[in-house]
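In what follows, a single structure is set out as C-alpha cells and then discussed.
2 protein chains.
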Amino acid sequence: MAAFLGIHVLYELYECDAALLDDVEVLRRTLYDAVRSVEMVALQEARHQYEPQGASVVILVAESHIAVHTWPEYRYAAVDFFSCRTDIDPERVRVVLERALKPGRIDSRLIERGHRASPHPPGAG
Amino acid sequence: MAAFLGIHVLYELYECDAALLDDVEVLRRTLYDAVRSVEMVALQEARHQYEPQGASVVILVAESHIAVHTWPEYRYAAVDFFSCRTDIDPERVRVVLERALKPGRIDSRLIERGHRASPHPPGAG
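Structure below.
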C-alpha cells in the first residue's frame, strides 16, 4: 500500500504550437486521450475559450482531475493531473501531451498528496 | 512583472470533520467562497459524489481552477488552486478552507508555473 493517497503531476509545456494552444477542441481531445492512456473514465468537464487568446479545460475523472491552461502568446501550457490511483504511469500522459501539443520541452514534477501517516494521526498514541 | 505565468497552491487538509468531506454541497460552497475571497469569478463547475463516500468538485475560474477531492475515511481533503494572477494571497483561501472544513492541520505548498525565461526561449540567442 502506498504511503500516500494521491499523486499530482504538474507538466510545464514550453515552445508549443501556438495555434494548437488556442483551440479548445484540440485541448479537450488531448485531455480525453490522456485520461484514456491511463485507463481512467471521464465524468464531467468544464471549458472556456478566452479573448483574445488562451483556453482552459478541466475534466473530472473518478476521484481525479486533469486540467490545462494555455498562454498561446508565450507558447506555454500548464497541465496538471491529480490521481487517487497511485500506480498510474505519468509518462503515458506525457507522451500524449507531446504528440498533441508539440512542445519543444516538457518539465514535469510528481507530488505525493495526502500522506497516510499525517503528522497528528487521529487516535494515535 | 512576475518571472512566471501562474501560481499553483496545493493544500493538504488533515483531521477534517468527516461528515463535511462527504457533502458535495458543503464542498461546492467552500470552493465558491474561496474563489470570492481572492476576488475571482467562477465560470463553470464539475462535481461528483462517490459511493460509499468521498466527493470531488472542480470550479473553472478565468484562466484558473480550484479543485477538491476528499477521503472522509481518512478525514483528508486535497485542494489545489491554480491562478494566472500571480498577486493573489493564498492565505485567504487557506482561511476559507479552515473555517469550512475544520481541519486539525493544513499543509500548503506554492509552486510557480510557467517561467517566462524558459530554458530555450523562442527567438533567443
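Taken in sequence, the protein lines are chains A and B. Everything in the first sequence is counted per this note's numbering, starting at 1 for the first residue and increasing by one. Everything in the second sequence is counted per this note's numbering, starting at 1001 for the first residue and increasing by one. Each residue gets a CB set at the ideal place from its N, CA and C atoms; glycine is no exception.
Item	Value
If distances are taken between C-alpha atoms only, which option among B:Arg-1116, B:Arg-1113, B:Asp-1107 comes closest to Glu-1012 (chain B)?	B:Asp-1107
With DSSP run on the structure shown, which of helix, strand or coil describes Tyr-74 (chain A)?	helix
Against chain A, with Cβ distances strictly below 9 Å, would His-1120 (chain B) count as a contact?	With a pLDDT of 49 at His-1120 (chain B), under the threshold of 50, the modelled position of this residue cannot be trusted; read the value that follows with caution. His-1120 (chain B) counts as touching chain A.
Cβ of Ala-2 (chain A) less than 9 Å from any chain B Cβ?	no
Counting only the same chain and skipping the five closest in sequence on each side, list residues whose C-beta sits under 7 Å from that of His-115 (chain A).	Ala-3, Phe-4
Cβ of Gly-125 (chain A) less than 9 Å from any chain B Cβ?	A caution first: Gly-125 (chain A) carries a pLDDT of 35, below 50, which makes its placement in the model unreliable, though a value can still be read off. Taking Cβ atoms only, chain B never reaches closer than 9 Å to Gly-125 (chain A), which makes this a no.
Can you name, in chain order, every residue of its own chain whose Cβ lies under 6 Å from the Cβ of Arg-1029 (chain B), other than the five neighbours on each side?	none
Which of the three DSSP states, helix, strand or coil, is assigned to Ala-1067 (chain B)?	strand
Does DSSP put Ala-19 (chain A) in a helix, in a strand, or in coil?	helix
Where does Asp-87 (chain A) sit, in a helix, a strand or coil, going by DSSP?	coil
Going by beta carbon distance, what residues of the same chain come within less than 6 Å of Glu-1063 (chain B), once the five residues before and after it are set aside?	Cys-1084
For the stretch 80-98 of chain A, which residues have a CB atom closer than 9 Å to at least one CB atom of chain B, in sequence order?	Asp-80, Phe-82, Cys-84
Answer yes or no: do Glu-1039 (chain B) and Gly-1104 (chain B) have a C-beta to C-beta separation smaller than 9 Å?	no
Consult DSSP for Arg-1029 (chain B) and reduce its assignment to one of helix, strand or coil.	helix
Quick one: give me the first and last residue of the beta strand (DSSP E) that Tyr-50 (chain A) is part of.	Run containing Tyr-50 (chain A): none; DSSP gives neither H nor E here.
For Arg-28 (chain A), would you say it is in contact with chain B, using Cβ-to-Cβ distances shorter than 9 Å as the test?	no
Look up Arg-36 (chain A) in the DSSP assignment and say whether it is helix, strand or coil.	helix
What are the residues in the stretch 1034-1055 of chain B lying within 8 Å of chain A by C-beta distance?	Leu-1043, Gln-1044, Glu-1045, Ala-1046, Arg-1047, His-1048, Tyr-1050, Gly-1054
Comparing alpha-carbon positions, which option in B:Gln-1053, B:Val-1061, B:Pro-1072, B:His-1008 lies nearest Leu-1031 (chain B)?	B:Val-1061
Show which residues of chain A have a CB atom less than 7 Å away from the CB atom of Glu-1063 (chain B).	Tyr-50, Gly-54, Ser-56, His-69
I'd like to know whether the C-beta atoms of Leu-1066 (chain B) and Ile-1007 (chain B) end up nearer to each other than 9 Å.	In the sequence on display, residue 1066 (chain B) carries Ile and not Leu. Cβ distance not < 9 Å, so Ile-1066 (chain B) and Ile-1007 (chain B) don't count as in contact.
Please list, in chain order, the chain A residues whose beta carbon lies closer than 7 Å to that of Ile-1111 (chain B).	Leu-10
Between B:Val-1024, B:Pro-1072, B:Asp-1022, B:Asp-1033, which lies nearest to Val-1093 (chain B) when the distance is taken from Cα to Cα?	B:Asp-1033
Please return the same chain residues whose Cβ sits closer than 6 Å to the Cβ of Leu-20 (chain A), not counting the five positions on each side in sequence.	Val-26, Leu-101
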